[in-house]
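Going by numbering that gives the first Met the number 0, the residue at position 27 of the sequence shown is 26; the numbering climbs one at a time, nothing skipped. For glycine and all other residues, C-beta sits at the position ideal for the given N, C-alpha and C.
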Amino acid sequence: MQKQLRSGYTTGTHATATLIACLYEYVSQKESELLEIVLPHQKIASIEVVREGVCLYSSIKGDNDDIDVTKGAKISCKLLHKRPVGLKEQTPSHLHINNTQLFIYAGEGVGVVTKKGLKIAPNYPAINPTPLEMMRENVETILDDEVRELYAIFYVEDGEKIAKDTANAKVGVLGGISILGTRGIVKPVSSSAYIDSIATEIDVAAAYNNEVIVFTLGNTAVDFAKEHYDEVSIVEIGNFVYDASQKLQKHHFKKLVFITSVAKMTKVAQGFKNTHNKYGTIDFDEVKKWLREELDVELGDEEFVTLKGVLQSLPQEYHHSFVELLTQKALTQLELWLNELGVEIECVEVVTLPKKINKRSQGC
């Protein structure tokens, strides 16, 4: 019987809970331990909070079965009636709720946006629009009509350390993690979060008017790309070749460069939209057919389980021609996908490592 996978709640949901607890105490002098939070689409979440001090509450982001570096993170909120001092440079987010002006700051462990292309403008706390809207909707019933200014500071314990395992620095979020969430719930074992991060990196590259976008697959490809291209234009796409290509639809880059190893390039050449092994392995019968029909090389009845094995059996004088053949086939497949997706790019270049063999489309 398959294990039931656990969902959890986003950093945005936990941040909202800590803010509500602070406001309950400030307005009604009531301390909180368990709060019901209205999520987007009107779902309800029960979130535990801990009082750490006067109008200071924390919440632990629970465990779930998603690949999530923020699991177990301690998210806190401190509410003040005077403008805070001594924080990192930023422009606070602003919520006007009833007659209250609520200013929201990034404290230690929460990032500040420094680049264009994200959902948040530069110099603002890295708290996405959906969590901010969740905060607005949930506190409307707490705040009365009294005219006041309040200041909320969000913190994440070890947030700067946690952020090193995310793409935050790459996309210009510095000083900590982002407070995220579009539905308030973390769905387990979903590829959507990774694809969303790819889309974000593409958006940032486009905002900087980059004419070139570079897709890399594998650490060696990343290292090679960094030697030849601006880092802001480089996007690590994991195994999501087709999904990453789809995220180019709304942009107008002039050139796409795709860099990976010979084995992954073979998978692309064979039409694998996702190159992870769970979606299938290289068809070595087809590889042998390509060698036979296009290079006039016969490898006989030998069975292969890796491309390295093919290269070891292939006479040395055919290695370059063979990798060129794979690279050209991958280029052709990539162009077919881009055309299918309606992505308009003048030039597509494919680079196969470690030999650095490249092929370009006619528009280059």
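So for R147, helix, strand or coil by DSSP? Looking up residue 147 in the sequence shown gives position 148. DSSP places R147 in strand when its eight states are reduced to three.
Return yes when the C-beta of Y8 is under 7 Å from any heavy atom of the ligand NAD, and no when it is not. The model on display carries no ligand, and the ligand NAD is accordingly not part of it.
If you count every other CB in all the chains shown that lies within 10 Å of the CB of L33, and 16 or more means buried, which is it? Working through the sequence shown from its first residue, we reach residue 33 at position 34. With fewer than 16 Cβ atoms within 10 Å of its Cβ, L33 is classed as exposed.
Environment of N137 [buried if 16+ CB atoms lie within 10 Å]: Position 138 of the sequence shown, counted from the start, is the residue given in the question as residue 137. Buried, by the Cβ-count rule.
Rounded to whole angstroms, how far is the Cβ of L22 from the Cβ of I103, which I believe are closer than 8 Å? Indexing the sequence shown from 1 puts residue 22 at position 23. Indexing the sequence shown from 1 puts residue 103 at position 104. About 12 Å; that fails the 8 Å criterion.
Taking all protein chains shown into account, do 16 or more other C-beta atoms lie within 10 angstroms of the C-beta of P91, making it buried, or fewer, making it exposed? If you number the sequence shown from 1, residue 91 lands on position 92. P91 should be labelled buried.
Stretch-stretch touch, CB-based, cutoff 8 Å, three pairs: the region 145 to 152 with the region 111 to 119: no
Out of curiosity, what's the CA-to-CA distance linking Q28 and Y278? Position 29 of the sequence shown holds residue 28. Position 279 of the sequence shown holds residue 278. Cα to Cα, Q28 sits roughly 56 Å from Y278.
With distances taken from CA atoms, which of F303, F283 and I258 is nearest Q327? Here residue 327 refers to the residue found at position 328 when the sequence shown is read from its first residue. Minimum Cα distance to Q327 is reached at I258.
Tell me which same chain residues have a C-beta within less than 7 Å of the C-beta of P128, skipping the five on either side of it? Counting from one through the sequence shown, the residue named residue 128 turns up at place 129. Once the five neighbours on either side are set aside, the close Cβ partners of P128 are K118.
Whole angstroms is fine: what's the gap from K355's alpha carbon to I96's? As a first step, residue 355 is located in the sequence shown; it is residue number 356 there, counting from the start. As a first step, residue 96 is located in the sequence shown; it is residue number 97 there, counting from the start. Distance between the alpha carbons of K355 and I96 is about 57 Å.
Tell me the rounded alpha-carbon separation between E15 and E24. Within the sequence shown, the letter at position 16 stands for residue 15. Within the sequence shown, the letter at position 25 stands for residue 24. In the sequence as presented, Glu is not what sits at residue 15; that position holds Thr. Their backbone Cα atoms lie some 14 Å apart in a straight line.
From the DSSP output, in three-state form, read off E367 for me. The structure shown does not extend to residue 367, since the chain is modelled only from 0 to 363, so the question has no answer here.
Short check: CB of F303 to CB of L313, under 8 Å? The sequence position of residue 303 within the sequence shown is 304, counting from 1. The sequence position of residue 313 within the sequence shown is 314, counting from 1. No, Cβ-Cβ distance for F303 and L313 is not below 8 Å.
Going by DSSP, name the residue or residues bridged to C76. Within the sequence shown, residue 76 is the residue found at index 77, counting from 1. DSSP output for C76 lists Y56 and F153 as bridge partner(s).
Check each candidate in K60, L38 and L18 and name the one with the smallest Cα separation from E364. Outside the displayed range of the chain (0 to 363) lies residue 364, so it cannot be described from this structure.
Answer with buried or exposed for G308, where buried requires no fewer than 16 other C-beta atoms within 10 angstroms of its C-beta. As a position in the sequence shown, residue 308 is number 309, starting the count at 1. The residue is exposed, with fewer than 16 neighbouring Cβ atoms inside 10 Å.
So the candidates are L94, V68, L55 and T215; which of them puts its Cα closest to the Cα of L78? Along the sequence shown, one-based indexing puts residue 78 at 79. Residue L55 is the option with its Cα nearest to L78.
Does the beta-carbon distance from L38 to M133 come in below 8 Å? Here residue 38 refers to the residue found at position 39 when the sequence shown is read from its first residue. Here residue 133 refers to the residue found at position 134 when the sequence shown is read from its first residue. Yes, these two residues count as a Cβ contact at 8 Å.
When DSSP labels each residue in this structure, what does N357 get in the three-state scheme? Within the sequence shown, residue 357 is the residue found at index 358, counting from 1. DSSP places N357 in strand when its eight states are reduced to three.
With burial defined as no fewer than 16 other Cβ atoms inside 10 Å of the residue's Cβ, what is the status of V68: buried or exposed? As a first step, residue 68 must be located in the sequence shown, where it is residue number 69. V68 comes out exposed.
Ignore the nearest five residues each way along the sequence and tell me which others in L94's own chain have a CB closer than 6 Å to its CB. Taking the sequence shown and counting its residues from 1, one reaches residue 94 at position 95. Result list for L94: L101 and R135, in chain order.
Could you tell me if L352 is buried or exposed, where buried requires 16 or more neighbouring beta carbons within 10 angstroms of its beta carbon? On the sequence shown, residue 352 is found 353 positions in, with the first residue counted as 1. Classification for L352: buried.
Tell whether a beta-carbon distance below 8 Å holds between V404 and N273. The structure shown does not extend to residue 404, since the chain is modelled only from 0 to 363, so the question has no answer here.
Do L325 and T280 have their C-beta atoms closer together than 8 Å? Taking the sequence shown and counting its residues from 1, the one referred to as residue 325 is at position 326. Taking the sequence shown and counting its residues from 1, the one referred to as residue 280 is at position 281. The answer is no: Cβ separation not under 8 Å.
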